[in-house]
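**Student:** Counting from 0, one number per residue, gives the positions in the sequence shown under numbering that gives the first Met the number 0.
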Amino acid sequence: MDQQRLDALETALSNELKEREFYLEHAARTRNPLGRTMFTRIADEELEHYQRLRELQKKWQQNEKWPQDIPLVVAGSNLQETMHGFLAREKFEEAGDQDDLEAIRTAIEFEQNGVAFYEKMRAAVSDPREKDFFALMAGIEGQHLKSLLLTEAFFLDPAQWYQEYEHSGLDGA
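1) Measure the beta-carbon distance from MET120 to ALA7 and round it to whole angstroms, keeping in mind my assumption that it falls under 8 Å.
2) Counting C-beta neighbours from all protein chains within 10 Å, is the total for LEU52 16 or more, i.e. buried, or is it exposed?
3) Does the region 94-110 come into contact with the region 134-151, if we say contact requires no fewer than three beta-carbon pairs (one atom in each stretch) closer than 8 Å?
4) Taking the CB atoms as reference points, tell me whether GLU140 and GLU110 lie closer together than 7 Å.
5) Which residue's Cα is closest to the Cα of ARG35: LEU100, ASP131, ARG128?
6) How is LYS64 classed by DSSP in three states: helix, strand or coil?
7) Hey, GLU18 and GLU45: beta-carbon distance below 7 Å or not?
8) DSSP on MET0, reduced to helix/strand/coil?
9) Output needed for TYR49: all residues of its chain with C-beta closer than 8 Å, excluding positions within five of it in sequence on either side, in chain order.
10) If you draw a straight line from the C-alpha of LYS57 to the C-alpha of THR39, how long is it?
11) For the alpha helix (DSSP H) containing ARG104, name the first residue and the last one.
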């Protein structure tokens, strides 16, 4: 059993919990309904990642090798759909406040670091199952990153966001 890889997995577990706590804290703090929705959804996804990584860690420690029976299934992120659906239902143009923007920017940094971490893990292993698992995790963190960047754009300028991402505009009528 490679202790360095297990230590990296422990780091991933710790990061997923810290990020979840951060997202829950900001979901409770923000007055912005979109911010609350996005932070809550990401917190739920981080918990699912933690649970999957914890299961992997337990089996890896028991077997002293990468488990044969860990399915490469982690719930995908549908944050962009969540955001677009929310805004289609709620149509509001309230920009985020400074605290919301700071929280989103901190979250963006978390997710950038998460992508880099899982890509580094993927590059460091040779087992194709390990590579696939870490590529999957990097991809999900990348989806979080894209969604947070969209949320940041909305918080900065809701009217511009609607024009760019909802493709609304004048049709000459």
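Using N, Cα and C, we set each Cβ at its ideal position, and we do this for glycine too.
**Tutor:** Let me lay it out:
1) 6 Å
2) Residue burial annotation: LEU52 is buried, with at least 16 other C-beta atoms found within 10 angstroms of its C-beta.
3) yes
4) Yes, they are a contact pair.
5) LEU100
6) coil
7) yes
8) Interpretation of MET0 is limited by its pLDDT of 49, a score under 50 that renders its predicted location unreliable; the figure taken from the coordinates is listed afterwards. In this structure, MET0 counts as coil in the three-state DSSP scheme.
9) So the list reads LEU12, GLU15, LEU16, ARG19, once near-sequence residues are dropped.
10) Taking the straight line from one Cα to the other gives about 27 Å.
11) 97-123
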